[in-house]
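Read through the structure below, which is laid out as structure tokens, and then see the notes.
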Amino acid sequence: MNNALLEIKNLKTSFRIRDDYYAAVDDVSLTVNKNEVLAIVGESGSGKSALAFSVMGLHNRAKIEGNIYFKDHDLANLPANKLNKLRGDDMAMIFQDPLTALNPLMTIEEQIAETLLLHHKNLSKKKRREKVIDLLNQVGIPRPEHTCDQFPHELSGGMRQRVIIAIAIANDPELLIADEPTTALDVTIQAQILDLINDLKENMNAGIVLITHDLGVVAEMADRVAVMYAGQIVEIADVHTLFANPRHPYTRSLLHSIPNIDGGNDKLHVIQGIVPPLHKLPREGCRFAARIPWIDTSAHETNPELHEIKPGHFVRCTCHNQFYFPDEKKKEEQADGIS
Amino acid sequence: MGFLEVNDLKVHFPIRGGILNRKIGAIRAVDGVSFSIEEGKTYGLVGESGSGKTTTGRAIIGLNHITSGQVMFEGKDLTSKKSKTQHVRKDIQMIFQDPYSSLNAKKRVLDIVAEPLRNYEKLTKIEEKLRVQELLEQVGLNPESILKYPHEFSGGQRQRIGIARAIALKPKLIIADEPVSALDVSVQAQVLNFMQEIQKELNLTYLFISHDLGIVKHMCDDIGIMYKGRYVEEGTKQDIFNNPQHIYTKRLVAAIPDIDPQNRQKQKHLRDEVQMEYQQYYNDYFDNEGLAYRLRNISDSHLVALPEKG
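Residue numbers (my numbering), protein chains in the order written: chain A, 161 to 499; chain B, 952 to 1261.
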């Protein structure tokens, strides 16, 4: 497909714990198309941020295997100087915490101008300031001329996040990776930032990778969704399919465990057990099996693979065919008893 | 007489400056807040960061100095000097937001959970150990783990240690300050379920402070919405979610992401509409300083901060 902007093939990112390497991202293959929002969802420890950092080349001491194709380059095997030409220019990242991502000693103008300067050396100082003000306008900062000369501590959380976004879009990137862009923000600000990212997508024609654990954000933003668990993708589908017809037990459990905004005081579903720490991940068989112990072990594959059950809808392992929630079974039995 | 009654609570933080470091102004973090909670109910206090919701909670339990106003707990005035005896304080406990920083990393679980017991009850070492084990069992942790350190537990488990500490003295009121904000969705469900269970078991009353309206709707009976240190609206769960009256509440409710992608356009449309309304009518809902007006009843349970007409 020619529409692909980023193609990740069999990516494996491993970290060293004591003397061994453990894969936090384990054999992940993904495509991000132009003008599309791909959401990557998972709990902490699922490897979603490790995946994003691998694409941006931000891991210092990790072992990265596999290929990441972006604009005729293989990012996984690119020397740092070439990577630096792409980062901040053709691809950019929006970070989670707007307070720590900004330099407290630089004015807003300097921080944004830095990105411009690195990739467009011949821009005059006056032109740069114009561009900075233009960018701040684009991200909806009310008085850009004034904000330019302010320091990060003078801005609110939402305003800081807008500055981060302004830095990210400074050079019109083709690929934008947003790592939990609204987690640190209030709901009303979150809604504004999400609308902003949506508008930018339409104007810039960029591909966006949205990393989040908030399924509400996914439902509002994404075109396609990849669900990650324990370093692997367990389900990929377009957003409507994923919410209307989730298949993998993990996806279903996640959707089941959020408080329903229309619902009453029913008990929430709890996923048994915890996400195992990196060095204790099961490397064989279905990684989610331990958390759904009521499902018969024969339901799982020995080497779970992604199966395409409908065009564009992939599910890992065969256990989804036999999966049910314990309380559903009870209800069914009761219904059977009555009839 | 209510179980907990807060009357015109004010918490002001002084701004100091000048050569003598005198008070030159004040930040009015909580500026005239009144509400009451019935026993056994869960009361949700909602607002954005900086709205004063946490300060209100901390003032009730005595972690922030109260500038003026009254906090009546079971008929006793917590703000009067006389009743600053610790026996009342024992009935009010707090669950903190961040289970990673609210547990002392250098203490064992036994010492963490036993701390309130050591303050109020004279137990022998053996009695204390048994009580802590009992508490751990109650919150669903292995009683064997009393000698472990906090870092050996997951986020959800840590929050349960925090809860075990909070219920150690059999309190009547628990102030839960964003108890699940730092947790993953699945763990969040675990802690919320558990909080509801022990509420029934121990007949607890919760003051539930949160910015997440989805969770507040799930947990709370009555809800108060704060903005810049004042109430803008108060009512039952139905009042707030089905019939929000104040422009700020409308905006909050519209900002909740909808879990169904089918409604995406509708939701965006609604948000834009409310945003327009918000900008257009902002001055009608707030006074010259941008603060909310006094609350007025629009039904028995529903109060809204609307300006005086005429």
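In this text, a Cβ means the ideal position worked out from N, Cα and C, and glycines have one as well.
Just reading off the alpha helix (DSSP H) that residue i is part of, what are its end residues?
i: SER1250 of chain B; result: Careful: SER1250 of chain B lies outside any alpha helix (DSSP H) and carries neither H nor E.
i: GLY317 of chain A; result: 317-328
i: ILE272 of chain A; result: 268-279
i: LYS1188 of chain B; result: 1188-1193
Rank the options by C-alpha distance to the C-alpha of residue i and give the top, closest one.
i: ARG1082 of chain B; options: B:ARG1040, B:ASP1062 and B:PRO1101; result: B:ASP1062
i: PRO409 of chain A; options: A:ARG289, A:ASP374 and A:PHE483; result: A:PHE483
i: LYS231 of chain A; options: A:LYS223, A:THR191 and A:GLU465; result: A:THR191
i: GLN271 of chain A; options: A:ASP250, A:LYS245 and A:THR307; result: A:THR307
i: MET266 of chain A; options: A:ASP309, A:ALA330 and A:GLY205; result: A:ASP309
i: GLU340 of chain A; options: A:ASP332, A:ASN331, A:ILE329 and A:ILE324; result: A:ILE324
i: SER413 of chain A; options: A:GLU362, A:HIS429 and A:ASP346; result: A:HIS429
i: ARG221 of chain A; options: A:LYS208, A:ILE200 and A:TYR182; result: A:TYR182
i: LEU278 of chain A; options: A:ASP250, A:PRO304, A:MET319 and A:LEU354; result: A:ASP250
i: GLN392 of chain A; options: A:LEU415, A:ASP346, A:PRO304 and A:PRO464; result: A:PRO464
i: ARG443 of chain A; options: A:LYS242, A:ALA184 and A:ILE327; result: A:ALA184
i: ASN1214 of chain B; options: A:PRO486, A:LYS245, A:VAL378 and A:HIS439; result: A:VAL378
i: ALA977 of chain B; options: B:LEU1092, B:GLU956, B:GLN1108 and B:GLY1180; result: B:GLY1180
i: ILE1160 of chain B; options: B:LYS1073, B:GLY953, B:LEU955 and B:GLY995; result: B:GLY995
i: ALA1243 of chain B; options: B:VAL1060, B:TYR1233 and B:GLY1001; result: B:TYR1233
i: ALA386 of chain A; options: A:ARG178, A:LEU198, A:LEU165 and A:ILE357; result: A:LEU198
i: SER1052 of chain B; options: B:HIS1102, B:THR1075 and B:ALA1065; result: B:HIS1102
i: LEU438 of chain A; options: A:PHE175, A:ILE469, A:GLU167 and A:ASN193; result: A:PHE175
i: ASP1211 of chain B; options: A:ILE353, A:ARG320, A:GLN432 and A:ALA404; result: A:ALA404
i: PHE974 of chain B; options: B:HIS963, B:TYR1199 and B:VAL984; result: A quick correction: the sequence has Lys, not Phe, at residue 974 of chain B. Taking only the C-alpha atoms, the option nearest LYS974 of chain B is B:HIS963.
i: GLU1184 of chain B; options: B:VAL997, B:PHE1047 and B:ASP1223; result: B:VAL997
How is the beta strand (DSSP E) around residue i delimited, first residue to last?
i: VAL185 of chain A; result: 180-193
i: ARG979 of chain B; result: 973-988
i: ILE1043 of chain B; result: 1043-1046
i: PHE474 of chain A; result: 473-476
i: GLN1021 of chain B; result: 1019-1024
i: LEU414 of chain A; result: Looking at the DSSP string, LEU414 of chain A is not in any beta strand (DSSP E); the run it does join, the alpha helix (DSSP H), is 409-417.
i: HIS467 of chain A; result: 466-470
i: GLU1095 of chain B; result: Run containing GLU1095 of chain B: none; DSSP gives neither H nor E here.
Helix, strand or coil: how does DSSP classify residue i here?
i: LEU1242 of chain B; result: coil
i: ASP456 of chain A; result: coil
i: SER499 of chain A; result: In this prediction, SER499 of chain A scores a pLDDT of 48, lower than 50, which makes its location untrustworthy; the coordinate-derived value is nonetheless stated afterwards. Coil.
i: GLN1218 of chain B; result: helix
i: ARG129 of chain A; result: With chain A covering only 161 through 499, there is no way to say anything about residue 129 of chain A.
i: ALA1115 of chain B; result: helix
i: LEU262 of chain A; result: coil
i: ASP398 of chain A; result: strand
i: ASN1015 of chain B; result: coil
i: TYR1051 of chain B; result: coil
i: SER174 of chain A; result: strand
i: ASP426 of chain A; result: coil
i: LYS245 of chain A; result: helix
i: LEU960 of chain B; result: strand
i: MET161 of chain A; result: With a pLDDT of 48 at MET161 of chain A, under the threshold of 50, the modelled position of this residue cannot be trusted; read the value that follows with caution. Coil at MET161 of chain A, not helix or strand.
i: ILE337 of chain A; result: strand
i: LEU235 of chain A; result: helix
i: THR1007 of chain B; result: helix
i: ILE431 of chain A; result: coil
i: TYR1100 of chain B; result: coil
i: LYS1027 of chain B; result: strand
i: GLY1261 of chain B; result: For GLY1261 of chain B, the pLDDT reaches just 45, beneath the cut-off of 50, and the residue's location in the model is therefore unreliable, leaving the point undetermined.
i: TYR1232 of chain B; result: helix
i: LEU283 of chain A; result: coil
i: ASN297 of chain A; result: helix
i: LEU166 of chain A; result: strand
i: TYR229 of chain A; result: strand
Taking only beta carbons into account, state which residues of the region 1224-1241 of chain B come closer than 8 Å to chain A, listed in chain order. The residues in question: there are none.
So within the region 1132-1184 of chain B, which uninterrupted beta strand (DSSP E) runs reach at least 3 residues, ignoring any that extend past its ends? If we require 3 residues or more, the beta strand (DSSP E) runs fully inside the region 1132-1184 of chain B come out as 1156-1161 and 1173-1178.
Below 7 Å between beta carbons is the criterion; list the residues of the region 1191-1209 of chain B that meet it against any residue of chain A, in chain order. Against chain A - using a Cβ distance shorter than 7 Å - the residues of the region 1191-1209 of chain B are ARG1202, LEU1203, ALA1206, ILE1207, PRO1208 and ASP1209.
By the 7 Å beta-carbon criterion, what residues does the region 985-1013 of chain B contribute toward chain A? Answer set for the region 985-1013 of chain B: GLU999 and SER1000.
Could you tell me which whole beta strand (DSSP E) segments of length 3 or greater appear in the region 341-394 of chain A? As summarised for the region 341-394 of chain A, the continuous beta strand (DSSP E) elements at least 3 residues long and confined to that stretch are 367-372 and 384-389, given in chain order.
Scan the region 339-352 of chain A for residues whose Cβ lies nearer than 9 Å to a Cβ of chain B and list them as they occur along the chain. Residues passing the 9 Å Cβ filter: LEU345, ASP346, VAL347, THR348, ILE349, GLN350, ALA351 and GLN352.
Could you name the residues of the region 362-380 of chain A whose beta carbon sits closer than 9 Å to any beta carbon of chain B, in the order they occur along the chain? Within the region 362-380 of chain A, contact with chain B at the beta-carbon level (separation under 9 Å) is assigned to HIS373, ASP374, LEU375, GLY376, VAL377, VAL378, ALA379 and GLU380.
Relative to chain B, which residues along the region 183-196 of chain A have a C-beta separation below 8 Å, given in chain order? Along the region 183-196 of chain A, none of the residues has a CB nearer than 8 Å to a CB of chain B.
Contacting positions in the region 197-208 of chain A - beta carbon closer than 8 Å to chain B: Of all residues in the region 197-208 of chain A, GLU203 and SER204 have a Cβ within less than 8 Å of some Cβ in chain B.
Could you please tell me which residues of the region 1132-1146 of chain B, in chain order, have their CB closer than 7 Å to any CB of chain A? Per Cβ criterion, the list reads ASP1135, VAL1136, SER1137, ALA1140, GLN1141, LEU1143 and ASN1144.
If contact means a Cβ-Cβ distance below 7 Å, which residues of the region 431-456 of chain A contact chain B? Cβ contacts with chain B come from ILE431 and ILE434.
Using a beta-carbon distance cut-off of less than 9 Å, what residues from the region 1097-1121 of chain B approach chain A? Residues SER1105, GLY1106, GLY1107 and GLN1108.
Please name the residues in the region 391-410 of chain A whose beta-carbon is closer than 7 Å to at least one beta-carbon of chain B, in chain order. Listed in chain order, the positions of the region 391-410 of chain A with a beta carbon within less than 7 Å of a beta carbon of chain B are VAL399, HIS400 and PHE403.
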